[in-house]
Ligand code: PLP
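Numbering (this note's numbering), first residue to last: 2 to 453.
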């Protein structure tokens, strides 16, 4: 069917005027000249404005872990909207927010059983940094104000997040206004030593020892927290080398520094455990999450905090005073909470948080991905859990050009992938079947064959 036939058949959605909207993280002029609009979604698939079925290779944006269009979630949101649309979160509460926190605490690792709600990953990161400062201050350790992030880290777009983050493009425009008290660990990307690793690379655990050098430089008494993504997603899927996270944990323990895992993409079953902390058997002090916490149906973030941190800040303050001067109008929004309760019940009932390990999906995924090794342009393949990355050789004309073309080519063939720099990143919903994994890989193979 051509475009005119599609429109006549009703399968094609008429495009709105696009002049007014300033789109985020998008090449606006390029997009508006050749738009890609999604109009509906069910299970593993989107439908595009031109009436095509698009296999979701990215869970939206690493967030629709239970697949699209879950009726229990939309029913819970609709019911909550009828029952009570909004309740103020300061000095007031509503039952669903406590129910959601209780369900989340059930899957949280170790003693990270206190939950603070935000509305996004960026807000979760800023909240976690503030919690770290509040904790040290409450302990009488107020000189601990320095944060250590990592090169190539992504922690959202708040000033806190871009300061501890290490994505150059996200920082350079705002350089003069970043948080002043920040240092960075080196990244762990080392293609010469790690290319085509299956899962965790053997090489690179020693890079964590750089933390010792940074601690010596600033003195431990000034350092509040280290923040890292267990698996860095937005800078191209960088899987932590063997032993790396364990060493970070040991060094933080030695110097009384808090360890924050930003699990905005790894949280809620992506690796086949509820959180990456459980996958790597490394327990941080704070975990930041968002996205799949409620299957992304309504904006929501959740920060998990060790009981001892909560006790120090909350129980250490005089009764009747506000202990932590932080929160959002929409913290614990009733609709987001209803969606979280419904999503968490689905995850539990369908055992989705462990499915990719239990059903052997992660192994099948790994083998299917690494079968692309000899395909044209492929420079490296990286995987862990249900995450995959295909790094392409750069064109002399510029980083990312080929990956962008591959992304557009995949979309034209009915597959949604993501590209960042020269890397195509994959993170499909956890309900994926083996046949759909094959479909993803064969589409990628076809597309990579056809682009220059
Ligand atoms: N942290 C990590 C690790 C992320 O991957 C993201 C988003 O992809 C964020 C923070 C920011 O989340 P949001 O876009 O919801 O603010």
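For each residue, glycine too, the CB sits at the ideal point set by N, CA and C. Everything numeric in this text was worked out from a predicted model, so none of it was measured.
Cα-Cα separation between residue 321 and residue 140, rounded to whole angstroms: 19 Å
Out of curiosity, what's the CA-to-CA distance linking residue 268 and residue 20? 36 Å
Just how far apart, CA to CA, sit residue 163 and residue 70? 33 Å
Quick one: which unbroken beta strand (DSSP E) runs of 3-plus residues sit fully inside the stretch 403-433? Chain order, please. 419-421, 424-427
With DSSP as the reference, identify every bridge partner of residue 115, one or two as the case may be. 306
Close beta carbons around residue 234, own chain, < 6 Å, minus the five adjacent residues each side: 266
Roughly how many angstroms lie between the CA atoms of residue 254 and residue 40, to the nearest whole one? 49 Å
Would you check if there are 3 or more beta carbon pairs closer than 8 Å linking the stretch 295-304 to the stretch 109-128? yes
Using only the heavy atoms of the ligand NAP, determine whether one of them is closer than 7 Å to the beta carbon of residue 339. Ligands displayed in this structure: the ligand PLP; the ligand NAP is not among them.
Do residue 155 and the ligand PLP come close, with the Cβ less than 7 Å from some heavy atom? yes
Coil, strand or helix - residue 76 by DSSP: helix
Counting beta carbon pairs with one atom in the stretch 200-208 and one in the stretch 389-404, are three or more of them shorter than 8 Å? no
Ordered list of alpha helix (DSSP H) runs contained in the stretch 264-293, each at least 4 residues: 277-281
Rounded to whole angstroms, how far is the Cβ of residue 1 from the Cβ of residue 149, which I believe are closer than 8 Å? Shown here, the chain extends from 2 to 453; a query on residue 1 therefore has no answer.
Own chain, CB closer than 7 Å to residue 54, minus 5 neighbours either side, in chain order: 46, 48, 415
Residue 87 classed as buried or exposed, judged by whether at least 16 other C-beta atoms fall within 10 angstroms: exposed
With H, G and I counted as helix, E and B as strand and the rest as coil, what does DSSP make of residue 381? strand
Candidates 385, 114, 412, 13: which alpha carbon is nearest residue 277's? 385
What first and last residue would you give for the beta strand (DSSP E) that runs through residue 39? 39-43
State buried or exposed for residue 161, treating a residue as buried only when at least 16 other CB atoms are found within 10 Å of its CB. buried
Can you determine whether any heavy atom of the ligand PLP sits closer than 7 Å to the C-beta of residue 291, and answer yes or no? yes
Should residue 122 be counted as a contact of the ligand PLP given a C-beta to heavy atom distance under 7 Å? yes
Can you list, in chain order, the residues of its chain with a C-beta nearer than 7 Å to that of residue 342? Leave out the 5 residues immediately preceding and following it. 77, 97, 100, 101, 104
Taking residue 163 as part of the alpha helix (DSSP H), name the residues at either end of that continuous run. 160-165
Sub-8 Å separation of residue 428 and residue 59 beta-carbons: yes
Just curious, the alpha helix (DSSP H) that residue 224 is in, first and last residue? Careful: residue 224 lies outside any alpha helix (DSSP H), inside the beta strand (DSSP E) at 224-229.
Under a Cβ-count criterion, where at least 16 other Cβ atoms within 10 Å of its own Cβ denotes burial, should residue 334 be classed as buried or exposed? buried
Skipping 5 residues on each side, what residues in its chain have a beta carbon closer than 6 Å to that of residue 129? 261, 287, 289, 304
May I have the straight-line CA-CA distance separating residue 329 from residue 90, to the nearest angstrom? 8 Å
Residue nearest to residue 179 in terms of C-alpha spacing, selected from 209, 166, 191, 187: 166
Taking 8 Å as the threshold (C-beta atoms), are residue 273 and residue 358 in contact? yes
If you draw a straight line from the C-alpha of residue 109 to the C-alpha of residue 315, how long is it? 20 Å
How should residue 437 be labelled, buried or exposed, when 16 other C-beta atoms within 10 angstroms of its C-beta is the threshold for buried? buried
Indicate, with yes or no, if the ligand PLP has a heavy atom lying under 7 Å from the CB of residue 132. no
Among 270, 317, 17, whose alpha-carbon lies nearest the alpha-carbon of residue 356? 270
Measure the beta-carbon distance from residue 324 to residue 318 and round it to whole angstroms, keeping in mind my assumption that it falls under 8 Å. 4 Å
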